[in-house]
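Residue numbers (our numbering): 2 to 171. Built from N, CA and C at the ideal position, the CB exists for glycine as well. What you are looking at is a predicted structure, and each value in this text was computed from that prediction instead of being measured.
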Ligand SMILES: [Zn+2]
Ligand SMILES: [Zn+2]
């Protein structure tokens, strides 16, 4: 199922680039393809390692240039706070304000967009005479699974180390 979605995504990216008259080079496409296979956010260096399977001569600037292009086209987002990149699920819309919910435990990123955020930010920007181009809200915390895992772990700790747990609590 994932493979089909990813293939669809790449076809869509190609189509959008043709419409916008920008060049989606094989290298840029390969970086996008690699990104579409990631279950969570990925760093530029991890991407470089993956890219080297097909392009052994690839250097950091190769990846950064490709990433910049993909960001410009609205295909991916850069997560400033973790210095990593994530595929955008809202492909066709290059300008959108998104809230990225970043799990600090498993690094999973959940992107949500809503009109409200954009309206609020625009209003705040207007108050200080700021012309807003793009904004990304980065929120840190735990995803649903990790909340459960953490609850399980603390219970597990309690059963295994009742004394240290009790000391910690006091
Ligand atoms: Zn997005
Ligand atoms: Zn998580």
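For residue i, the three-state DSSP class (helix, strand or coil)
i: residue 113; result: strand
i: residue 99; result: strand
i: residue 133; result: coil
i: residue 104; result: strand
i: residue 157; result: helix
i: residue 14; result: helix
i: residue 79; result: strand
i: residue 37; result: helix
i: residue 146; result: helix
i: residue 165; result: Because residue 165 sits at a pLDDT of 47, beneath the cut-off of 50, its placement in the model cannot be relied upon, and the point is left open.
i: residue 64; result: helix
i: residue 70; result: helix
Cβ-Cβ separation, residue j to residue i (assumed contact under 8 Å), whole Å
i: residue 35; j: residue 52; result: 6 Å
Contacting residues, own chain, Cβ-Cβ under 7 Å from residue i (five flanking each side not counted)
i: residue 145; result: none
i: residue 163; result: Bear in mind that the predicted position of residue 163 carries a pLDDT of just 49, short of 50, making it too unreliable to give a figure here.
i: residue 81; result: 139
i: residue 41; result: 107, 108, 109 and 110
Cβ shell of residue i (< 6 Å), same chain only, five flanking positions each side left out
i: residue 155; result: none
i: residue 102; result: 111 and 140
For residue i: DSSP bridge partner residues
i: residue 87; result: 78
i: residue 43; result: 86
i: residue 140; result: 102
Below 8 Å, how does it come out for the stretch 5-14 and the stretch 25-39: are there three or more Cβ pairs, yes or no? They touch, by the three-pair rule.
Are the stretch 60-70 and the stretch 123-143 in contact at 8 Å, needing three or more beta carbon pairs? These segments do not touch.
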